[in-house]
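Residue numbers (the numbering used here): 45 to 559.
Laid out in structure tokens, this is it:
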């Protein structure tokens, strides 16, 4: 059993309470997903559960973790810096039970994860692997030590669809405890039986959490119904209160007016009767006040992010050829190996292109080359979102400073309003970008695109760090973007809802997948 008691997490810098008196108990067979908007503390909670010291540098945590007899396995959202310089052999040899695995077991694991049989003994540096290969390596090393609790922070990031399906199977069939964070709604729908929803409500001034033992679809649908029902009941209660208060006020004014106009010669019985009526009115008023204390409250929930992408300058005519990209050979970044040959990609009008393929085939490398060519062109306005946000972000400046270097007050006010619509607090707008979550960093790049006149977007895994609650908003905005989109993604809902054409990258080049 994994149990958390009365955990409160407070951000050291702005003293914001990220999680308040959090209690949770998970047992064997539980597949629990943590959902919530970016920056709500999901990864921080995961770090604290695995090792409280991982969250100590930027938060104060007070609570109790009970995990008697459990063996923790942790997959962080990003590969730790010290591991990037290790060879694959050095990395795997640090697993406690690596040398207890026989060749047949290692070969079976390599086959399951679709990596070469000698993957575990390679001299290749971990940092040189593709995003998906890094995730695979971390998962395999974690599983070697036979954990009973899997703590997975965005395990679906960057892995190809076949590995996603393997991950789904792993989570579904795991006999012990799984606690994971994921942006992939399909993965969540197919695996989770416990939903842990962390929210920051009332403009991020109050932390709230909900734990429900149900599947994701049921939870989201019931949450929407409950919110709508409570909101309608609260509206009805307030209408009834207004009608009742107006009637009470009329009675009060009538009695008060009658009392004021009683002449001295009037009979005492009339005055007594009016005074009794006034007493009843005041008693009724106090009873109404007590009833109002139990009136249905207006429901509070964290609102979805909001932003626009594209304007009248972003529109591309349907018949216009935007891109005709040719590449004889696609090589690895170090130029040692040929990954693919005879690559050709044509994009017309506002097409939404997605490139898929197994990990290590060079999708990110190809997209970078396409971005280099398109960013240099003068006849289009392209914007690029890399898989590694740090390629474009200055981590030492704030989001406001990154998005505007003019210092103009009006421009900065507009940027702050836009960041607010993306659920940044005032403090977060002024934090160095390096202190933000992966999803918040992604929002900075999306907002940069939103503030531009771009008509071509080049996106490497655009939904990889957005919560399943933000995902539908991102997909809707990209689908309605009036320009062209060239992307790499393994997000199945993104491919289905946004992309008009999908290509597979292999050693033979790009091949369109029939729709």
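From the three backbone atoms N, C-alpha and C, an ideal C-beta is built for every residue, glycine too. Remember, it's a predicted structure, so these values are computed and weren't measured experimentally.
* **Stretch-stretch touch, CB-based, cutoff 8 Å, three pairs: the segment 123 to 141 with the segment 74 to 82** => no
* Asked: Taking just the CA atoms, how far does residue 446 sit from residue 454?
  -> 16 Å
* Can you name, in chain order, every residue of its own chain whose Cβ lies under 7 Å from the Cβ of residue 185, other than the five neighbours on each side? -> Counting only Cβ-Cβ distances below 7 Å, and skipping sequence neighbours, we find 135, 136, 139.
* Test item: CB-CB of residue 501 and residue 529 under 9 Å -> Against a cut-off of 9 Å, the Cβ pair of residue 529 and residue 501 comes out as a contact.
* Mind checking whether residue 222 and residue 76 have CB atoms under 9 Å apart? -> yes
* **Cβ-based burial, residue 157 [other Cβ within 10 Å; buried from 16]** => Buried is the call here.
* To do: From the DSSP output, in three-state form, read off residue 61 for me.
  => strand
* Taking residue 375 as part of the beta strand (DSSP E), name the residues at either end of that continuous run. => Here the beta strand (DSSP E) through residue 375 covers 365 to 375.
* Asked: Where does residue 226 sit, in a helix, a strand or coil, going by DSSP?
  -> coil
* Cβ-Cβ separation, residue 424 to residue 357 (assumed contact under 8 Å), whole Å -> The Cβ separation is near 11 Å, so there is no contact.
* Asked: Per the contact definition of three or more C-beta pairs closer than 8 Å, is the segment 200 to 210 in contact with the segment 396 to 405?
  -> yes
* **Segments of 3+ residues assigned as beta strand (DSSP E) that fall wholly inside the segment 401 to 427** => none
* Answer with buried or exposed for residue 216, where buried requires no fewer than 16 other C-beta atoms within 10 angstroms of its C-beta. => exposed
* Quick one: Cα of residue 431 to Cα of residue 172, how far? -> Rounded to whole angstroms, residue 431 to residue 172 spans 14 Å at the Cα level.
* To do: Between the Cα of residue 545 and those of 429, 415, 390, spot the shortest distance and give me the residue it belongs to.
  => 390
* **Meets three-Cβ-pair contact criterion under 8 Å: the segment 250 to 261 and the segment 106 to 121** => no
* Asked: In chain order, which continuous runs of the alpha helix (DSSP H) of length 4 or greater are located wholly inside the segment 129 to 217?
  -> Runs found: 132 to 137, 147 to 156, 175 to 188, 205 to 217.
* Asked: Hey, quick one: how far does the alpha helix (DSSP H) through residue 472 stretch, first residue to last?
  -> 470 to 474
* In the DSSP assignment, what residue or residues form a beta bridge with residue 75? -> 222
* Report yes if the C-beta distance between residue 485 and residue 463 is below 9 Å; otherwise report no. => no
* Asked: So residue 486 is in the alpha helix (DSSP H); what residue range does that whole segment cover?
  -> 482 to 494
* Asked: Based on the DSSP secondary-structure assignment, which residues constitute the bridge partners of residue 44?
  -> Any question about residue 44 goes unanswered here, given that the chain covers just 45 to 559.
* **Continuous beta strand (DSSP E) stretch holding residue 528: start and end** => 528 to 532
* Asked: Measuring from the CB of residue 258, is there a heavy atom of the ligand COA at a distance below 8 Å?
  -> What this structure holds is no ligand at all, so the ligand COA is not there to describe.
* **Residue of 517, 547, 532 minimising C-alpha distance to residue 202** => 532
* To do: Can you tell me which of 65, 374, 45 puts its alpha carbon nearest to the alpha carbon of residue 550?
  => 374
* Asked: Whose CA, out of 516, 543, 527, lies closest to the CA of residue 264?
  -> Looking from the CA of residue 264, the closest CA among 516, 543, 527 belongs to 516.
* **Beta-carbon contacts of residue 166 that lie in its chain and below 6 Å, excluding the five residues immediately before and after** => Counting only Cβ-Cβ distances below 6 Å, and skipping sequence neighbours, we find 132.
* **Buried or exposed (CB count within 10 angstroms, at least 16 for buried), residue 144** => Label assigned to residue 144: exposed.
* To do: Quick one: using the 10 Å Cβ neighbour count with 16 as the cut-off for buried, is residue 90 buried or exposed?
  => buried
* Look at the alpha carbon of residue 268 and the alpha carbon of residue 262, and state the distance between them as a whole number of angstroms. => 10 Å
* Which residues bound the alpha helix (DSSP H) around residue 454? -> Here the alpha helix (DSSP H) through residue 454 covers 453 to 465.
* Asked: Going along the chain, which residues of its own chain have a beta-carbon closer than 6 Å to the beta-carbon of residue 536, five neighbours each way excluded?
  -> 230
* Buried or exposed: where does residue 225 fall if 16 or more other Cβ atoms within 10 Å of its Cβ makes it buried? -> buried
* Pairwise C-alpha distance: residue 369 and residue 353 -> 25 Å
* Thinking C-beta only, is residue 489 closer than 9 Å to residue 433? -> yes
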